[in-house]
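Residue numbers 1 to 350, in the UniProt record's numbering, belong to the letters of the sequence shown in order.
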Amino acid sequence: MEIKTFLSFAVFFSYVIEVNSFISQFRQHSPRLQHSTHHQSSRYKQKATVDLKEFEIFKTNHPLSPPSDLLDLEIGEKVNPYKNMTIIKLASNPHIYLVKNFIEPSQREKLIEEATDKGMEYSGTKAGDIVKQRVNSYTTWVKPHSIVSADDNEDETSTEEVMHGARKIATVMTKISSLIFLPDFFREHLAGGEKLFHEENLQIVKYDVDGKFDVHHDGLSRFLTVLTYLNGVAGTWFPYAIVEGAADNDDEDEPPNMHAGNVASEKEIGKDGIVIVGNDDDRFEESRHVVKVEAGDAIAFYNYDWLVNFNDDPDIPSTGPIMNWRSIHSGLKTKKKEKWIATNWFQFNE
Ligand SMILES: O=C(O)CCC(=O)C(=O)O
Ligand SMILES: [Fe+2]
1 MEIKTFLSFA VFFSYVIEVN SFISQFRQHS PRLQHSTHHQ SSRYKQKATV
51 DLKEFEIFKT NHPLSPPSDL LDLEIGEKVN PYKNMTIIKL ASNPHIYLVK
101 NFIEPSQREK LIEEATDKGM EYSGTKAGDI VKQRVNSYTT WVKPHSIVSA
151 DDNEDETSTE EVMHGARKIA TVMTKISSLI FLPDFFREHL AGGEKLFHEE
201 NLQIVKYDVD GKFDVHHDGL SRFLTVLTYL NGVAGTWFPY AIVEGAADND
251 DEDEPPNMHA GNVASEKEIG KDGIVIVGND DDRFEESRHV VKVEAGDAIA
301 FYNYDWLVNF NDDPDIPSTG PIMNWRSIHS GLKTKKKEKW IATNWFQFNE
């Protein structure tokens, strides 16, 4: 065998091995979405470089990307979807947006009040082979009214009866999130009467002082996360996010081993990736890597890339969603004051 041929094989092999271990960590199967988007793969094909690679991972302009009006924004560029609501693009991989004034003071106060009255469950440490540690954190869920049709399925549990005001607010948050952030692909299908995604109930979380959530990927087919800061305490870090124009976190990074306990230990908060902190958090200088938020602000981020298998090689997974490892993030240890957040997740249908 000629050395050149051998080298090509070796390169291809290592690529496949790498992608397979990568996939075992980050792959999510979704036959339905795959089926419904199958016809689109020819569109992506034209963008691929033709070499030994049998697959390509598309980072942008795929069915789970932000809608085109947001996708096209430059880092730092702003848009105003409603009166005093402003959206600012923070990062390009993963796509992260800041939403100023996502909810009003009365709304965030009501969410905290009703969650407190109802009582919250300790969310502790989750089992599983991927390290996913939560400490001193408490959770409750609020079911929004249906956002697509008028026939609201009222199979009520005590949660909905108790959390009257919170339900209305959860509905508004879910509706606005979907209006602004739903990918074009889902919008188009929705217009044709096909709903290929679903919204989760709103999750309200309180962390006590010293509470934290270790680095993780949101998983569970959650292609879109909209996280609202309810009391101005933040501390959400994306260690591998690429902030355009920054010299670090370039494409030299390797996907981290999510099974190890020291994920992102080589990265530094405030210097690498992007960290979202409260306005009065003076630990870090404001920069493109450090973004300050106030109570009522939210961030929205996208968690999936799109893998295209060009020749249906059985060693390579078929065309469909693949987790973007750069969207992994953590909830930093809470200092001084408790932290309240509310999260909307949108999942593609499996
Ligand atoms: O607490 C935070 O800032 C992040 C929370 C989070 O990542 C999650 O709930 O999935
Ligand atoms: Fe998360």
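All C-beta atoms, glycine included, are put in the ideal place defined by N, C-alpha and C.
Whether Phe301 touches Ile96 by CB criterion (8 Å): Going by C-beta atoms, Phe301 is nearer than 8 Å to Ile96.
Taking C-alpha atoms, which residue in Ser178, His259, Glu113, Trp237 lies nearest to residue 351? Look at the range of the chain in this structure, 1 to 350, and you will see that residue 351 is not part of it.
For Ile242 and Arg326, believed in contact at Cβ under 8 Å, the rounded distance: The C-beta separation of Arg326 from Ile242 comes to about 7 Å, placing the pair in contact by the 8 Å criterion.
Local Cβ density within 10 Å of Gly76, reported as buried at 16 or more and exposed below that: The Cβ neighbour count for Gly76, taken over all protein chains shown within 10 Å, is under 16; the residue is labelled exposed.
Below 6 Å CB to CB, which residues in the same chain sit around His62 once its five sequence neighbours on both sides are set aside? By the criterion of a C-beta distance shorter than 6 Å, His62 is surrounded in its chain by Trp306, once the five residues flanking it on both sides are discounted.
Does ligand 2 have a heavy atom nearer than 7 Å to the CB of His329? Yes - ligand 2 has a heavy atom lying nearer than 7 Å to the Cβ of His329.
Residue range of the alpha helix (DSSP H) that includes Lys118: Note, Lys118: alpha helix (DSSP H), 105 to 118.
Which residues in the same chain as Glu185 place their Cβ atom closer than 7 Å to its Cβ, once the five residues preceding and following it in sequence are excluded? Here the sequence assigns Phe to residue 185, which means Glu is not the residue at that position. Excluding sequence neighbours, Phe185 sits near Pro63.
On the premise that Asp297 lies in contact with Tyr229, defined as a C-beta separation below 8 Å, what is that separation, rounded to the nearest angstrom? That pair is a contact at about 6 Å.
Strictly by DSSP, which residues pair up with Asn309? Partner(s): Phe55.
Consider the C-beta atom of Val226 and the heavy atoms of ligand 1; say whether any pair is separated by less than 7 Å. Taking 7 Å as the cut-off, the C-beta of Val226 does not count as close to any heavy atom of ligand 1.
Taking the runs of the beta strand (DSSP E) that are 3 residues or longer, which of them lie wholly in the UniProt domain "Fe2OG dioxygenase" (197 to 348)? If only complete runs of 3 or more residues are kept, the UniProt domain "Fe2OG dioxygenase" (197 to 348) shows the beta strand (DSSP E) at 197 to 199, 202 to 216, 222 to 229, 236 to 238, 274 to 278, 290 to 293, 298 to 302, 304 to 309, 320 to 323, 329 to 331, 339 to 348, in order along the chain.
When you compare only the Cα positions, how much space is there between Glu121 and Val275? Those two C-alpha atoms are separated by around 27 Å.
Backbone secondary structure at Ser178 - three-state DSSP: DSSP places Ser178 in helix when its eight states are reduced to three.
If you draw a straight line from the C-alpha of Glu268 to the C-alpha of Phe213, how long is it? Straight-line Cα distance between these residues: approximately 17 Å.
Kindly list the residues whose CB is nearer than 8 Å to the CB of Thr174, restricted to its own chain and excluding five residues on each side of it in sequence; keep chain order. So the qualifying residues of the chain are Pro144, Ile147, Glu199, Leu202, Asn344.
CA-CA distance, Lys59 and Leu182? Approximately 17 Å, taken between the alpha carbons.
Limits of the unbroken beta strand (DSSP E) element including Ser68: Premise fails: Ser68 lies in the alpha helix (DSSP H), 68 to 71, not in any beta strand (DSSP E).
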